[in-house]
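A.B. asks:
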């Protein structure tokens, strides 16, 4: 097949799969934009931050940290923790990218990783074409970033109770990511319940609530995930392309 | 935070998330075999997202009743297999309606 024709096909395939993802992204990013607006970001900053980070939990953490006036090292640590799952996804996707792919293209494929784009990459038959991933990602990411910028701009003109209700969307999205695997896996279900409980307690106990929000998230994540990994090590096949995708 | 501070935070976050996404895919061409590392990375997303969701959802929703209702409706819909978008919207609508009553 002609090289140009094949490339065009891959791009169209990516756009087709990226669009529905982008629709969902726009709505969720809109609510993320409200969080960003409360942290003091303008629409341009929201667009750039969203395009470069393109991670709901990571960006939520970023805007909360900006709102709290956190130090840069603290922000780096929180972003690392919030996006840690991408380490696993990136490692997993590395097995699906043709080994002779040039390094810049591999880096490009890595940059594209989100929960949903990762799922596309894993679902693609055979070697995952980087062009396909890139095209799906670009469309979805532009809609994601546009949603954030729109949320920052339009958050101003909406009544306070509507803004408050919309800011709940991001938590709805988190629930949609963690609950279905919890239904299938009792250990994850227990872990989520324990996380809720300890998160509640640590935010209420006076001597612990002096910790910054980011530090609290880091400590709970590392200790609970570490304990779960020691107590309930997973079999190899369980971690394959499942995660939060 | 100042404008400069916000841009610095955005750049730092972008660099860290770039590294997290790109390094394993670029460097690892063999499978991770350490069981503890694999298990740890497997559990991380669930704990992080759960910790960030609760009790923050209550503060976001405005009242305890609206927050709990949004959590319950979102949780049940997600349990029943609804996607990311419907769950997010249902949680919002619930928080809004309960907020109107309360």
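Protein chains in written order, with this note's numbering: chain A, 12 to 256; chain B, 49 to 150.
Just so you know, even glycine gets a beta-carbon here, dropped at the ideal spot from N, CA and C.
Is residue 65 of chain A near residue 56 of chain B, with beta carbons less than 9 Å apart?
C.D. replies: Their beta carbons are not under 9 Å apart, which means residue 65 of chain A does not touch residue 56 of chain B by this criterion.
A.B. asks: Can you give the Cα-Cα distance for residue 255 of chain A and residue 50 of chain A, rounded to whole angstroms?
C.D. replies: Low confidence applies here, because residue 255 of chain A scores a pLDDT of 39, under 50, leaving its location unreliable and the question unanswered by this model.
A.B. asks: Specify whether the segment 102-112 of chain A and the segment 102-112 of chain B touch according to this definition: at least 3 beta carbon pairs, one from each stretch, less than 8 Å apart.
C.D. replies: With a cut-off of 8 Å, the segment 102-112 of chain B and the segment 102-112 of chain A do not count as touching, because too few Cβ pairs lie within range.
A.B. asks: Span of the alpha helix (DSSP H) holding residue 199 of chain A?
C.D. replies: Per DSSP, residue 199 of chain A belongs to the alpha helix (DSSP H) from 197-215.
A.B. asks: Suppose the cutoff is 8 Å on Cβ atoms and the five residues either side in sequence are ignored; what does the same chain contact list for residue 55 of chain A look like?
C.D. replies: Contacts found: 160.
A.B. asks: For residue 131 of chain B, which of A:36, A:241, A:82 has the nearest alpha-carbon?
C.D. replies: Closest by alpha carbon: A:36.
A.B. asks: Taking residue 83 of chain A as the query, report the chain B residues whose CB atoms sit under 8 Å from its CB, ordered along the chain.
C.D. replies: Within chain B, the residues near residue 83 of chain A are 56, 57, 60.
A.B. asks: Considering only the beta carbon of each residue, do residue 94 of chain B and residue 206 of chain A sit closer than 9 Å?
C.D. replies: For residue 94 of chain B and residue 206 of chain A, yes; Cβs fall inside 9 Å.
A.B. asks: In terms of alpha-carbon separation, which member of B:90, B:115, B:68 lies closest to residue 122 of chain A?
C.D. replies: Considering only alpha carbons, the answer is B:68.
A.B. asks: Below 8 Å on the Cβ atoms is my guess for residue 22 of chain A versus residue 213 of chain A; work out the distance and round it to an integer in Å.
C.D. replies: No, residue 22 of chain A and residue 213 of chain A are not in contact; Cβ-Cβ is about 47 Å, not under 8 Å.
A.B. asks: Among residues of its own chain, excluding the 5 on either side of residue 119 of chain B, which ones have a beta-carbon nearer than 6 Å to its beta-carbon?
C.D. replies: So the list reads 105, once near-sequence residues are dropped.
A.B. asks: What residue ranges within the segment 23-109 of chain A form continuous beta strand (DSSP E) runs of no fewer than 3 residues, ordered along the chain?
C.D. replies: DSSP runs (the beta strand (DSSP E)) wholly in the segment 23-109 of chain A: none.
A.B. asks: Between residue 168 of chain A and chain B, is the shortest Cβ-Cβ distance under 9 Å, so that the two count as touching?
C.D. replies: No, because no Cβ of chain B sits closer than 9 Å to the Cβ of residue 168 of chain A.
A.B. asks: Could you give the first and the last residue of the continuous alpha helix (DSSP H) run that contains residue 139 of chain B?
C.D. replies: That run of the alpha helix (DSSP H) goes 132-149.
A.B. asks: Anyone know if the C-beta pair for residue 146 of chain A and residue 25 of chain A falls short of 9 Å?
C.D. replies: For residue 146 of chain A and residue 25 of chain A, yes; Cβs fall inside 9 Å.
A.B. asks: Is residue 111 of chain A helix, strand or coil by DSSP?
C.D. replies: Correct three-state label for residue 111 of chain A: coil.
A.B. asks: Could you give the DSSP three-state label for residue 119 of chain B: helix, strand or coil?
C.D. replies: Residue 119 of chain B: helix per DSSP, three-state reduction.
A.B. asks: Between the segment 131-140 of chain B and the segment 164-180 of chain A, do three or more beta carbon pairs fall short of 8 Å?
C.D. replies: With the cut-off at 8 Å, the segment 131-140 of chain B and the segment 164-180 of chain A touch.
A.B. asks: I'd like to know if residue 113 of chain B contacts chain A, where contact means its C-beta is closer than 9 Å to some C-beta of that chain.
C.D. replies: By this cut-off, residue 113 of chain B is not an interface position.
A.B. asks: Of all the CB atoms in chain B, is at least one closer than 9 Å to the CB of residue 143 of chain A?
C.D. replies: Output row for residue 143 of chain A: interface = no.
A.B. asks: Report yes if the CB atom of residue 133 of chain A is closer than 9 Å to the CB atom of residue 148 of chain A, and no otherwise.
C.D. replies: No, the pair does not count as a contact, with Cβ atoms beyond the cut-off.
A.B. asks: Find the residues of chain B that neighbour residue 69 of chain A, judging by a C-beta separation of less than 8 Å, and give them in chain order.
C.D. replies: Chain B residues near residue 69 of chain A: 61, 65.
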